[in-house]
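Okay, so here's the structure we're looking at.
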Amino acid sequence: MMRAASGAPRERRKRMEPLRIGFIGTTAPHAFMFLETLKLMPETIGRIALVESDMARIDKASCEFVYSTYEDMLYAERPQLCFIMLQADEVEDPALRCAENGVPFVLDKHCARTAESLRRILDACAQYQVKMATGYMWRYSPIARQLRAWVAAGMFGRPFCFDMRIATTSAEVRLEDDQFAWLFEKDKSGGGILLWLGCHYIDLARFVLQREVMAVSAMTSRLTTAASDVEDVASVSLQLEDGIVGTLHCAYVMPKGLRDAYDTAFGLWGSEGDATWAPVIGLNPTLRVRSVHGDMARCPERTIQYHDTPEPKAYCGTQLAVHFLRDMMISLVEGRDFVTTGEDALKVLEICEAAYQSAQTGQRVELPR
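As structure tokens, this is what we get:
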């Protein structure tokens with residue numbers, strides 16, 4: 336058994352003056368988590384200007400500089416970077432305004448209610464040469480990067496198939512938190528668990544396997560008795576380039592007594608080996624690898640335990656999230672693409688929308704090429 340620290344990837348870091356940050360809104364589910372994470376890095380963050388009009392939210396955010404409109408904030412503060420932390424149906428206008436002002440920005444995943452809305456945002460980014468990123472943090476994980484490198488090196492041979500799952504707390508439990516309640520209104524969120532949590536795994540499959548999704552076939556159900564008009568269970572079959580086939584299962588099902596529970600896993604199988612990463616979420620994930628490729632054949636079965644450092648105030652509760660956001664901000668301010676680009680977010684939205692179309696029609700849906 337091997338042990339590995341689950342720290343940050345080795346990214347190029349440059350010393351720079353602390354950044355001026357615009358923080359637009361607090362209604363995105365992770366808004367306060369992101370804000371608290373920013374406050375953990377005073378060497379990187381110099382000034383945070385909040386845009387919010389709700390007094391209770393202003394008090395909770397505890398920011399010294401507060402504006403009622405993002406137009407006023409952009410004019411007065413001249414931020415170097417903005418976090419747009421609004422509901423998915425409200426992000427487009429401030430994102431377009433940031434792009435017009437040459438300000439790079441971060442959107443909470445899944446970035447927009449529809450792929451069409453995100454395309455308009457990306458068109459503006461291209462027009463004004465502005466970078467954006469989002470919170471698909473599993474790409475940044477050392478486990479995901481190791482799997483990606485092994486796939487590229489042929490350690491699993493030809494990839495054949497993969498399986499992913501996330502089962503978590505029920506809609507009834509999640510609706511108790513006002514910060515998350517709007518996710519269960521389709522007009523605001525665009526969809527249910529597939530779009531909100533399944534998105535991470537769709538993005539992870541693209542990243543690790545380095546192939547695009549070509550077609551999907553899906554089924555969804557809304558089984559909850561809660562006030563929700565989005566699916567709480569989804570199952571998706573995905574066909575990637577080179578004929579690779581995978582499955583994704585997502586479910587809001589766990590009862591109230593298991594409030595913090597997640598059951599997550601990512602597995603892949605190829606002609607020369609396989610790997611299982613479980614849990615995907617947590618401080619101490621395990622990666623089990625089997626391979627007969629090259630030198631691996633001498634010791635074909637290995638288990639690697641990763642240990643991250645807890646950081647209770649940070650997004651996801653780990654130091655990895657602090658490194659993730661710091662490297663993201665530096666990349667965007669320097670005009671470089673980060674590992675989680677807007678184009679990647681658009682691919683995920685397109686795949687989810689194709690899955691919803693498949694579930695509605697009962698037909699396999701091809702993705703645009």
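In this text, residue positions in the sequence shown follow our numbering: the first is 336, and each later residue adds one. Glycine residues also receive a C-beta, built at the ideal position from the N, C-alpha and C atoms.
Item to check | From 655, 680 and 641, residue whose alpha carbon lies closest to that of residue 442 | outcome: 680
Next on the checklist: Could you compute how far the alpha carbon of residue 371 sits from the alpha carbon of residue 517?
Outcome noted: 22 Å
Next on the checklist: Short of 6 Å in beta carbon distance, which residues of its chain neighbour residue 409, apart from the five on each side in sequence? Order them along the chain.
Outcome noted: 436
Next on the checklist: Would residue 551 and residue 693 qualify as a contact pair, given that the criterion is a beta-carbon distance under 8 Å?
Outcome noted: yes
Item to check | Per-residue DSSP class, three states only, for residue 673 | outcome: coil
Item to check | Pair within 8 Å by beta-carbon distance, residue 416 and residue 664 | outcome: yes
Next on the checklist: By the three-class DSSP mapping on this structure, what secondary structure does residue 405 have?
Outcome noted: helix
Checklist entry - Taking C-alpha atoms, which residue in 360, 383 and 400 lies nearest to residue 389? => result 360
Next on the checklist: Please classify residue 427 as buried or exposed, where buried requires at least 16 other C-beta atoms within 10 Å of its C-beta.
Outcome noted: buried
Checklist entry - Nearest-angstrom Cα distance between residue 466 and residue 457? => result 9 Å
Checklist entry - Between the C-alpha atoms of residue 659 and residue 644, what's the straight-line distance to the nearest angstrom? => result 13 Å
Checklist entry - Taking residue 647 as the reference, which of 375, 638, 419 and 599 has the closest Cα? => result 375
Item to check | Of the listed residues 624, 657 and 611, nearest to residue 600 (C-alpha basis) | outcome: 611
Checklist entry - Hey, quick one: how far does the alpha helix (DSSP H) through residue 482 stretch, first residue to last? => result 477-488
Item to check | Collapsed DSSP secondary structure at residue 345 in the structure displayed | outcome: Legend: pLDDT at residue 345 = 47, less than 50; position of this residue unreliable, no value from coordinates given.
Checklist entry - From what residue to what residue does the beta strand (DSSP E) around residue 753 run? => result Outside the modelled stretch of the chain, which goes from 336 to 704, sits residue 753, for which no answer is possible.
Next on the checklist: Suppose you measure from the CA of residue 381 to the CA of residue 636; what does that come to, to the nearest Å?
Outcome noted: 48 Å
Checklist entry - According to the neighbour-count rule (16 or more other Cβ atoms, all chains shown, within 10 Å of its Cβ), is residue 337 buried or exposed? => result For residue 337, the pLDDT reaches just 49, beneath the cut-off of 50, and the residue's location in the model is therefore unreliable, leaving the point undetermined.
Checklist entry - Does the region 560-568 touch the region 510-528, meaning 3 or more C-beta pairs lie closer than 8 Å? => result yes
Checklist entry - DSSP three-state call for residue 534: helix, strand or coil? => result helix
Checklist entry - Can you tell me whether DSSP reads residue 337 as helix, strand or coil? => result In this prediction, residue 337 scores a pLDDT of 49, lower than 50, which makes its location untrustworthy; the coordinate-derived value is nonetheless stated afterwards. Looking at residue 337 - three-state DSSP - the assignment turns out to be strand.
Checklist entry - From residue 500 to residue 654, what does the alpha carbon distance come to, in whole angstroms? => result 24 Å
Item to check | Cα-Cα separation between residue 353 and residue 446, rounded to whole angstroms | outcome: 26 Å
Next on the checklist: So within the region 555-596, which uninterrupted beta strand (DSSP E) runs reach at least 3 residues, ignoring any that extend past its ends?
Outcome noted: 568-575 and 580-589
Item to check | Boundaries (first-last residue) of the alpha helix (DSSP H) holding residue 428 | outcome: 427-435
Checklist entry - Looking only at DSSP bridge pairs, what is residue 701 linked to? => result 550
Next on the checklist: How far does the alpha helix (DSSP H) with residue 628 in it extend, from its first residue to its last?
Outcome noted: Counting along the chain, residue 628 falls outside any alpha helix (DSSP H), and DSSP gives it neither H nor E.
Checklist entry - Applying the criterion that 16 or more other CB atoms from any shown protein chain within 10 Å of the CB defines a buried residue, is residue 538 buried or exposed? => result buried
Checklist entry - In or out: residue 606 buried (at least 16 other Cβ within 10 Å) or exposed? => result exposed
Item to check | Residue burial classification, residue 651 (beta-carbon count within 10 angstroms, cutoff 16) | outcome: buried
Checklist entry - Would you report the Cα separation of residue 345 and residue 485, rounded to the nearest angstrom? => result Low per-residue confidence applies at residue 345: pLDDT is 47, beneath 50, and the placement is therefore not dependable enough to give any value.
Item to check | Opening and closing residue of the alpha helix (DSSP H) in which residue 757 lies | outcome: Residue 757 lies beyond the stretch modelled for the chain, which goes from 336 to 704, so this question has no answer here.
Checklist entry - Hey, how far is the Cα of residue 633 from the Cα of residue 483? => result 22 Å
Next on the checklist: When you compare the CB positions of residue 684 and residue 468, do they come within less than 8 Å of one another, or not?
Outcome noted: no
Item to check | Close Cβ partners of residue 573 (< 6 Å) along its chain, the five nearest in sequence each way excluded | outcome: 548, 551 and 581
Item to check | Assigned secondary structure, residue 491 (DSSP; H/G/I helix, E/B strand, else coil) | outcome: coil
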